[in-house]
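Just so you know, we're using the working numbering here: the sequence shown kicks off at 1231 and counts up by one. We put the CB at the ideal spot given by N, CA and C, even for glycine. Notes follow the structure.
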Amino acid sequence: MGYVGVVTGACLVRDGHSVVGVDPVAEKVHDLNRGNTPIQEPHVAEMLAKGHQDGLLTASTNVRDGLDGADLVLICVGTPSQADGGIDLVHVERCAREIGATLKTLDPRPLIVLRSTVLPGTTRQIIIPLLEEASGLRVGRDLDVVFHPEFLREGKAVEDFDHPPKIVVGEARPGAGDRLMALYPSGYEAPRFRMTPEEAELVKYCDNLFHAVKITFANEVGALARSVGVDSRKVADVFCSDRKLNISPAYLRPGFAFGGSCLPKDLRAITRLGAIKSIRMPMLGGIMESNAAQIDDLVARILARRPRKVGMLGLAFKPGTDDMRESPYVKVAKMLIGEGIELKCHDPHIQPGRLIGANKRLVSQALGHLESLLVAGLDDLDDCDLIVINHPRVDAPRVLQWLDSGRAVLDLVGIEGIQTRHPGYEGIHW
Ligand SMILES: NC(=O)c1ccc[n+]([C@@H]2O[C@H](COP(=O)([O-])OP(=O)(O)OC[C@H]3O[C@@H](n4cnc5c(N)ncnc54)[C@H](O)[C@@H]3O)[C@@H](O)[C@H]2O)c1
C-alpha cells in the first residue's frame, strides 16, 4: 500500500470493488482500517473514506487476509535501486513467496498481477518459479500470473487511473489476463495491448527512458537557448505543435544510424555553439558518438559472419533519394572494403550507367573508387554470401529466395513477412 497500491485501492473501492490492502507497515494498515489515507494524492482521501464507510475497504499485515476469496491479487511493492544501480527485487520476491505459500489451500485461486516495475524476464524467470516453489502448483495449469505495468503519475494518479494512456498486459499463457481485462469496462477508451511478459516489462522501461530523454533534451536546448538570448519556451511551443515530425512516431522505430546532409551537420554546429558558450550538453554531445557506435557495431556483425562477398541494397542516406552526403551506408561500405571484403552495391536511385554531369561528380566524390562497385539490378546481388538490406526496396519473396539459396541476410529495415528465426536471417534490432 504505497503510492500505486493506495491509489489503485481507492479507485477500485470507488468503483464498487471490495479491496483488502496488505502491507507490513502496521501504521499504514491502521490508517486504512480507519478509512484514512497513508499517502497524499488528490481525491484519494475522500475515496478511501467513502470506501471504508461502504464496508469495501479493509487492510491487514497478513497476506492470507488479502488472498481469501480474492479474484485478483495486485502486487505493487517497491523495486528500488541497489547501491550498484541494479534493481532490488527483495520485496517482490518476498511477496511471491508469501502469496505462493498461501495459494495452495485457496479455491478458487486468484489471478496474480504484478504491477511493480521489473526488468524484462523477471515475471517468468523469478516470480513464477518462486510462486510455483512456494505453492507446489504449476503456473499456466493451476493458476495464472500476468505482468501489468502501471503508468500513473503522482499528483495526477486518479486522473491517470481513469484515463490511462494504454492498458498493457504481459501474459505467460495467452488468455491469462482475461479476468484482469474485465476490470477495465468498455468505458475505458485506452488502447489495449496483450503481449509476452518480457515485452510488457520492457514497454514500461521504454516509456520512462523516453520521458527522461525528453526532459533532458528540453533542458539542454533550454540552456542553449538562454545562452543566445532566446526564450526556450516559445521554441518549445512551436516544436511541440509539430505532430507530424516531432511529437509523432516519426524517427522512433529501431533501425540503423542516421546520416545525410542535415542531421550530422546541424548537430555538430549546435554542440560547437554549446562549447563556445560553455553550455554543458552531454546528451546532445553524445548523439554523434552513439550514432558512430551503430555503424561500428554493424560492421563488426558483418565481419563476424566472415563473408567473402557482400551485397548492399541501398547506398543513399535514405530511400527515395540519390543524396549520399554523410550516408552511413557509404561509411559501412568503405569500412568493409578496408577489411578486404568484395562488395557489390545496388541502389535504384544511383544507376551506374545513367549518371551524368554534376550528379556523376557528386557520386564519385561520395563514393570514390566505390563507384565501380555499383550494380544495376537486384539479381546482381544473387552471388553474394551476405546481403545487407539498407533500404526497404525489396519484398519478402525475394528475401526468401536469397535465404533459401543459402545467402545470409542482415535486415536493417524490417522487411514485412519474414520470420525473424528463418535460417540465415538476422534483423538489426529484432
Ligand atoms: N509511484 C509511481 O508513480 C509509480 C508509477 C508507476 C509504477 N510504479 C512502480 O510501482 C511499484 C511501487 O511503487 P510505489 O511508488 O507505490 O512504492 P512505495 O515505496 O510507495 O510502496 C511500496 C509499498 O510496498 C510495501 N511492501 C513492501 N514489502 C511488502 C510485502 N512483502 N508485502 C506487502 N507490501 C509490502 C511497503 O511497505 C510500501 O508501502 C514500483 O515498482 C514502482 O517502480 C510507481
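Report yes if the CB atom of residue 1507 is closer than 8 Å to the CB atom of residue 1457, and no otherwise. yes
Beta-carbon spacing of residue 1603, residue 1561 below 8 Å: no
To the nearest angstrom, how far is the alpha carbon of residue 1412 from that of residue 1375? 15 Å
Top-ranked residue by Cα proximity to residue 1383, from 1627, 1400, 1438 and 1409: Looking at the Cα atoms, 1438 is the closest of the given residues.
For the beta strand (DSSP E) that residue 1572 lies in, which residues bound it at each end? 1572-1576
Per DSSP, the bridge partner or partners of residue 1539: The partner list for residue 1539 (beta bridge, DSSP) reads 1572.
So what's residue 1391 in DSSP terms, helix, strand or just coil? Helix at residue 1391.
Quick one: is the Cβ of residue 1309 within less than 7 Å of any heavy atom of ligand 1? yes
For a test of the three-state rule: what should DSSP assign to residue 1531, helix, strand or coil? helix
So what does residue 1397 bridge to, in DSSP terms? 1422
So, using beta-carbon positions, are residue 1321 and residue 1343 closer together than 8 Å? It is not a contact, given that the beta carbons lie outside the stated cut-off.
Have a look at 1502, 1564, 1362 and 1444 and flag the residue whose alpha-carbon is nearest the alpha-carbon of residue 1454. Among 1502, 1564, 1362 and 1444, the Cα nearest to that of residue 1454 belongs to 1502.
Report buried or exposed for residue 1655, applying the criterion of at least 16 other Cβ atoms within 10 angstroms of its Cβ. Residue 1655 comes out buried.
Measuring alpha carbon to alpha carbon, tell me which residue in 1479, 1428, 1577 and 1517 is nearest residue 1355. 1428
Taking just the CA atoms, how far does residue 1528 sit from residue 1567? 14 Å
Does any heavy atom of ligand 1 sit closer than 7 Å to the C-beta of residue 1492? no
Please determine whether the Cβ atom of residue 1353 lies at a distance below 7 Å from any heavy atom of ligand 1. no
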